[in-house]
Structures are given as structure tokens and as C-alpha cells.
Amino acid sequence: MSEWGMGDFQLAQANITIGRWSFDHPRMRGFTNRIDPVNDLAHRAPGFVWRPSAEQAMADLRALGRDPWREAFNMSVWESVEALWEFTFSGVHLEAVKLSARWFDPETAADVMWWVPAGYRPTVGEGLAKLDLVRANGPTADGFTFRRRFPPPDFLE
């Protein structure tokens, strides 16, 4: 259970970074070979709720004029900040995070979290807009980070 309780909200998250090379480049194999194992672990992680399929996310990125072969975009929904933290900073995912500078320019990395009504599935466009929001305004109740967290809306009333 979350420090703020489960309530009627779940935690959406999105992150993005730009590859040093296209994902089909041999130098990106260390990253691309980890995608399926990390996603499989996420799907089995306590507190995981949902993520769009890779095919859907790539199609949406293309439709929004983005390059899914250079931009590593990830979005998912979790029961709580704590559940996402436990997955993010442990095991194979943490190993990939520690190695990420091999494959990605750290200056391009961005992440965001925001509360959504339980059962809601955000779009890739929403995730990109939330990333832009945090870049422009820093963490707010509408888009925040692990370093500066905000409670779900039902705790703000």
C-alpha cells in the first residue's frame, strides 16, 4: 500500500531519452537485448498495472513525428510511487539504468509521474506532454519526479 493509500488513483509514468545510435545499430545491442527481459519483469512486478504494447507506442511516436528508432520512450501505470520505485531501482532494470550512458546521451533523459484515475490508460501523447510540462515548469502536482513527489488528488482536497 502506498504512503498515501490506494484511493481512486494510480500512478502513470513516462520517460524518454535519445539513443547515441539507431536501435538497430550493433552498438545498441546491449540495450535492445535487455528490452524484453526488463518488460517481462515489469509485467510481473508487484504493483504493475499496465503499459502500451511496444508496437502501439512506436506507432504513436511515429504519428506524433517522433523517431521510435532513436527515442527510447516508456510509459506505464503502477499502483503507487513505491511500487514503481522498487521496480526501477532493483535487479535487471537498475543494471540497465547504470549502463544507460553507453547507449544514451544523459542530457536527453527525462522522466515524469502523474496521477490518473484508477483504470485510466494514458496515451503516448499525454506522456510526451507531461514530460514537456516537467521540463518547462519543474515538478508540480500535474507532473512530478521521484525527487519531488505529490500525493494523488483525493489527498489534496
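Using our numbering, read the sequence shown as starting at -3 and increasing by one per residue.
Each residue gets a CB set at the ideal place from its N, CA and C atoms; glycine is no exception.
| said: So within the region 35 to 70, which uninterrupted beta strand (DSSP E) runs reach at least 3 residues, ignoring any that extend past its ends? | reply: 44 to 46
| message | I'd like to confirm the pairing. Which residues does DSSP put opposite residue 107 in its beta bridges? | response | Taking the sequence shown and counting its residues from 1, the one referred to as residue 107 is at position 111. Answer is 11.
| said: For the alpha helix (DSSP H) containing residue 84, name the first residue and the last one. | reply: Along the sequence shown, one-based indexing puts residue 84 at 88. Where residue 84 is concerned, the enclosing alpha helix (DSSP H) stretches over 77 to 84.
| Sufficient close CB pairs (3 or more, under 8 Å) joining the region 112 to 124 to the region 19 to 27 | no
| message | Quick check: what's the CA-CA separation for residue 104 versus residue 10? | response | Within the sequence shown, residue 104 is the residue found at index 108, counting from 1. Within the sequence shown, residue 10 is the residue found at index 14, counting from 1. Spanning the two alpha carbons is a distance of roughly 14 Å.
| residue 128, enclosing alpha helix (DSSP H) - first and last residue | For the purposes of this step, residue 128 is taken as residue 132 along the sequence shown, with counting starting at 1. Residue 128 -> alpha helix (DSSP H) spans 120 to 133.
| query | If you follow the alpha helix (DSSP H) that residue 87 is part of, which residue opens it and which one closes it? | reply | Counting from one through the sequence shown, the residue named residue 87 turns up at place 91. Where residue 87 is concerned, the enclosing alpha helix (DSSP H) stretches over 87 to 95.
| Status (buried if at least 16 other CB within 10 Å, exposed otherwise) for residue 76 | Taking the sequence shown and counting its residues from 1, the one referred to as residue 76 is at position 80. It counts as buried.
| request: Note down the Cα distance separating residue 147 from residue 139, rounded to an integer number of angstroms. | output: Mapped onto the sequence shown, residue 147 falls at position 151. Mapped onto the sequence shown, residue 139 falls at position 143. Distance between the alpha carbons of residue 147 and residue 139 is about 11 Å.
| said: Whole angstroms are fine: how far does the CA of residue 63 sit from the CA of residue 13? | reply: Working through the sequence shown from its first residue, we reach residue 13 at position 17. Working through the sequence shown from its first residue, we reach residue 63 at position 67. Each residue's alpha carbon lies about 11 Å from the other.
| query | How big is the Cα-Cα spacing for residue 141 and residue 38? | reply | Position 145 of the sequence shown holds residue 141. Position 42 of the sequence shown holds residue 38. When rounded, the distance between both Cα atoms is 19 Å.
| said: Quick check: the Cα distance between residue 27 and residue 128, rounded to an integer number of angstroms? | reply: If you number the sequence shown from 1, residue 27 lands on position 31. If you number the sequence shown from 1, residue 128 lands on position 132. Looking at the two C-alpha atoms, the distance is approximately 25 Å.
| Residues bridged to residue 139 [DSSP beta-bridge criterion] | Here residue 139 refers to the residue found at position 143 when the sequence shown is read from its first residue. Looking at the DSSP assignment, residue 139 forms a beta bridge with 136.
| With 16 as the cutoff for other CB atoms within 10 Å, does residue 6 come out buried or exposed? | Taking the sequence shown and counting its residues from 1, the one referred to as residue 6 is at position 10. Buried, since its Cβ has 16 or more Cβ neighbours within 10 Å.
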